[in-house]
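Single-structure report; data block below.
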Amino acid sequence: MASTEEYRQVGERAWSWVLDHVRDDGGPWLPTSVEAGWESVGPPADRDSLYAGVAGLAPVLVEVAEARPWTDAEHRLRDGIVDRLSAMVATRSEPSLYDGLAGDATALRMLSPTAAPHALRRLEELRVPDGWVTTLEVSGAAGRCLHDVVMGTAGVVMTAVWIGGADGEDLAAAGADALVRAAERSEAGLDWGCWSGAESRLPNYSHGTAGIASALAVAGMALDRPELVDAAVLGAQHLLAIGSMDDGGFVVPHTIPPAKRVVEPVTYSWCHGPTGTSLLFAALARAGVEEVNGIGVVEVRQRCLRSVLDSGVPRRLRPGFWDNDGRCCGTAGVGDVLLDAAQDAQDPVLAGRLLAAARTMGDALLERVIRDEVGAFWRFVEHRQHPPLLPPGTSWMQGAAGIAAFLLRLARVVEDGLDTTVVDRPDEWWAVPSRLRRFARPAPIGRPSGL
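This note's numbering puts the last residue of the sequence shown at 452; the count rises by one with no breaks.
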């Protein structure tokens, strides 16, 4: 295994590479990917988003601050992000966590806590009885209220619970109620599509039942509304009915019915696999649920992770299997969830195994890194296109920023132990003990402590 210093060094170099590509045009922006002529193209449409824009630099900045003081350039970047997002809140119409106002609120909560409530109040202005209407160009969903974590109401609910306060509680309650009304009965429990009436289902974490049920579980716990937790349990029952527990694991298909496009029937990532789906069972455990259908929720969480590790991840076993090293669909996302589980494990032997697995993900990232005179980056593969090698990405979910944060966190955990602080986020905070969370309590006025 690599050393702590190797993880930290590559993480810092990846962060340096990201910073080298930040430009200013009405505030900071960065390209989604670095290709010839990227500067002349100018800021992308999602320049502010948590997924691919400058809001996604907030959790990296906070992770950096856990290891060392910020540089002057990092202080300026923080100020630029806060100024840009704060200025855009009043006119923003996209509500979602990864592309809109909930993501803005997340970044502002991390960098300037007093600014975050403005984003929540704007979300309240945009709320309709069924949740929040998307402005994203999603095929078949134009003008609809989406339900999922990435683009829809579940992500807003998670953010509102995470930020808290009166504004957060009101938003979380309204959003959770909309999700319950949108649920569809299945033979075993409750199911949700990305939007009501969607024919195809992506049942795992990012766009389906696993993520939506997670939002209901944490909202029910935070609001002291057991009926929301009960709805989350019914969602878990549905997943257990459509999934497989073969070989001591637990997996749910990528798409139901199977996708017409070329995609593996079962994938293992945060977005569409047991990595993300494990977070539902962590949420149920945090909400006080001990078992679903007679199976312990702690056991199902571990089964999800066992399936990931038994699958061969992070090896690229065949075209289409594990071509991505990012957070959303790849190695860094798996590694981060493994660290959560290791820091949450009560059994020291299990914790050690999970930490070792997280280091395996870190070692793979070190093996695949590309270095230049500026820093370090990664290139993912899309086997369905020619040539398959993609340009390097900069972002939180699909690029060097998110990978850098994982490697820096991994270095801290290896060096300081499993009780080190976790830079928690709206869609995973319940997966670690509250005493370890960076944002477990309201931050003081001004910069969060240590920044």
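All C-beta atoms, glycine included, are put in the ideal place defined by N, C-alpha and C. Fair warning: this is a prediction, and the values are worked out from it, not measured in the lab.
Rounded to whole angstroms, what is the Cα-Cα separation between residue i and residue j?
i    : j    : result
T332 : P315 : 6 Å
R186 : G81  : 46 Å
W18  : L340 : 25 Å
F378 : L112 : 25 Å
V158 : A106 : 12 Å
H255 : R307 : 17 Å
E300 : P29  : 44 Å
S215 : R202 : 17 Å
T136 : C329 : 21 Å
T276 : A359 : 12 Å
R319 : V424 : 34 Å
G250 : R380 : 30 Å
A231 : A288 : In the sequence under discussion, the amino acid at residue 231 is Asp, which differs from the Ala named in the question. Approximately 10 Å between the Cα atoms of the pair.
T154 : E374 : 43 Å
G295 : L241 : 11 Å
G104 : A56  : 7 Å
Q386 : T115 : 45 Å
V65  : D171 : 33 Å
R9   : A412 : 6 Å
P443 : D311 : Any answer about P443 is weak, because its pLDDT of 46 lies below 50 and its placement is not dependable; what the coordinates show is given next. Whole-angstrom Cα-Cα distance: 40 Å.
E383 : W323 : 10 Å
A3   : D364 : 6 Å
V293 : P70  : 45 Å
P266 : A91  : 42 Å
H119 : F440 : 18 Å
Please determine, among the options, the residue with the shortest C-alpha to C-alpha distance to residue i.
i    : options                : result
R128 : F378, R262, L147       : L147
L229 : L235, G221, G38        : G221
V309 : V290, I296, R319, V338 : V338
V83  : A402, L62, D100        : L62
E75  : T422, L58, V252        : L58
G144 : A184, S87, D131, A116  : D131
G12  : A401, V134, D420, G418 : A401
T421 : E67, S245, A37         : E67
P393 : T33, G27, E6           : T33
D428 : P60, H239, V253, D168  : P60
L121 : L366, L180, W163       : W163
D100 : W133, E188, D73, P114  : W133
L419 : L409, A405, L437, G363 : L437
R206 : R439, P96, R372, Y269  : In the sequence as displayed, the identity of residue 206 is Tyr instead of Arg. For Y206, the nearest C-alpha among the options comes from Y269.
V298 : E6, G156, A233, C195   : A233
A173 : A283, A184, R182, G156 : G156
R14  : G376, G165, V293, M89  : G376
R304 : E291, G321, S279       : S279
D47  : L102, R77, W16, T72    : L102
Kindly identify the DSSP beta-bridge partner or partners of residue i.
i    : result
S435 : Answer by DSSP bridge pairing: none, since S435 is not bridged.
C146 : V134
F378 : I371
R24  : W30
L390 : V382
I1   : No answer is possible for residue 1: it lies beyond the span of the chain, which begins at 2 and ends at 452.
E36  : The partner list for E36 (beta bridge, DSSP) is empty, contrary to what the question assumes.
E95  : None, per the DSSP bridge assignment.
With 16 other CB atoms within 10 Å as the buried threshold, where does residue i fall?
i    : result
A237 : buried
P389 : exposed
H273 : buried
D26  : exposed
V414 : buried
When every heavy atom of the ligand SAM is checked, does at least one fall within less than 6 Å of the C-beta of residue i?
i    : result
C305 : Absent from the structure shown: the ligand SAM. Ligands present: none.
Q | Length-filtered (4 minimum) alpha helix (DSSP H) runs lying within the stretch 218 to 287 | A | 227 to 243, 275 to 287
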